[in-house]
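When we follow the working numbering, the leftmost residue of the sequence shown carries the number 80, and every step to the right adds one.
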Amino acid sequence: MKHLLMTTAGTLLLIVAGGTVLSAQEKAKGPPGTHDKYSLVSPSGIAFADFKGYEDWSVVSSARTDEVLKVIVANPIMIKAYKSGIPGNGKPFPEGSKIAKLQWKFKKSAEAPFVVDVPDAFSQAFVIEKDSKRFPRSGGWGYALVDYDAAADTYSADPTGVADCGHSCHVKVAAKDHIFHPYQKR
80 MKHLLMTTAG TLLLIVAGGT VLSAQEKAKG PPGTHDKYSL VSPSGIAFAD
130 FKGYEDWSVV SSARTDEVLK VIVANPIMIK AYKSGIPGNG KPFPEGSKIA
180 KLQWKFKKSA EAPFVVDVPD AFSQAFVIEK DSKRFPRSGG WGYALVDYDA
230 AADTYSADPT GVADCGHSCH VKVAAKDHIF HPYQKR
């Protein structure tokens with residue numbers, strides 16, 4: 080028997096028969112690491128299985144920070160919307176739009192005859208899903224982060240959710256339906 084309990088601090092607890100108490104965050108995280116990334120569910124409730132096939136999605140853009148190289152890919156629903164002019168035309172992305180920001184640590188290429196940063200170890204997948212019914216308080220978008228441990232070859236739902244950049248970060252681009260990256264001309 081399981082019971083959900085909301086504490087005065089707003090923490091959701093799951094009480095399982097036998098007295099085990101888990102926070103929703105601990106329950107969402109699942110095992111410390113798994114080889115099956117599609118079995119993960121983030122603290123925000125996003126199932127990574129909903130992003131199955133992201134490896135074959137079209138590239139939207141790329142970016143580099145001081146820490147990582149990023150390739151931003153989107154599902155066919157979102158790519159079709161981008162090609163129709165969204166969000167530049169002032170319209171929002173349709174429900175079911177999904178985007179994944181794939182992040183790698185980088186290194187200097189030893190082979191190139193010039194200085195170039197190349198992907199080294201995969202580190203994270205930051206995923207965003209448009210579902211206004213599930214995420215009405217964040218502009219209709221849900222955010223999740225899946226970490227990859229290269230040494231163990233395992234994935235885990237980031238227990239902090241998206242503390243560094245979720246809705247609070249994306250609200251800066253609310254006029255572009257909360258999405259930073261435009262679809263790049265090819």
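We put the CB at the ideal spot given by N, CA and C, even for glycine.
1. Alpha carbon to alpha carbon, what distance is there between G124 and A107?
2. Starting from the C-beta of K180, find all residues in its chain whose C-beta is less than 6 Å away, skip the five residues before and the five after it, and write them out in chain order.
3. Give me the Cα-Cα distance between G132 and D115, rounded to the nearest whole angstrom.
4. What is the rounded straight-line gap between the Cα of V197 and the Cα of A189?
5. For N154, which residues in the same chain have their Cβ closer than 6 Å to its Cβ, ignoring the five residues on either side in sequence?
6. Skipping 5 residues on each side, what residues in its chain have a beta carbon closer than 6 Å to that of F201?
7. Helix, strand or coil: which one does DSSP assign to K264?
8. Please return the same chain residues whose Cβ sits closer than 6 Å to the Cβ of Q263, not counting the five positions on each side in sequence.
9. Count the other CB atoms within 10 Å of the CB of K187; is the residue buried (16 or more) or exposed (fewer)?
10. Taking its Cβ as the centre, do 16 or more other Cβ atoms sit within 10 Å of A272, making it buried, or is it exposed?
11. Whole angstroms is fine: what's the gap from V252's alpha carbon to F259's?
12. Anyone know if the C-beta pair for G221 and D210 falls short of 8 Å?
13. Could you check which residue in P173, P122, T113 has the C-alpha nearest to that of K212?
14. Can you tell which of T239, V195, Q203 has its C-alpha closest to the C-alpha of T233?
15. What does DSSP give as the partner residues of I207 in its beta bridges?
16. Short check: CB of A231 to CB of G112, under 8 Å?
17. Applying the 10 Å Cβ sphere with the 16-neighbour rule, what's the burial state of F214?
Quick look at the numbers:
1. The predicted model places A107 with a pLDDT of 45, which falls under 50 and marks its position as unreliable; any figure quoted below should be read in that light. The alpha-carbon atoms of A107 and G124 are separated by roughly 7 Å.
2. Here K180 has K149, I151, F205 as same chain residues with Cβ atoms under 6 Å from its own Cβ, once five neighbours each way along the sequence are excluded.
3. In this structure, the alpha-carbon of G132 lies about 14 Å from that of D115.
4. 10 Å
5. W136, K177
6. W183, Y227
7. coil
8. S140
9. exposed
10. Outside the displayed span of the chain (80 to 265) sits residue 272, for which this structure offers no information.
11. Taking the straight line joining both Cα atoms gives about 6 Å.
12. yes
13. Closest in C-alpha terms to K212, from the list P173, P122, T113, comes P173.
14. Q203
15. I178, Y222
16. Result yes, Cβ atoms of A231 and G112 sit closer than 8 Å.
17. buried
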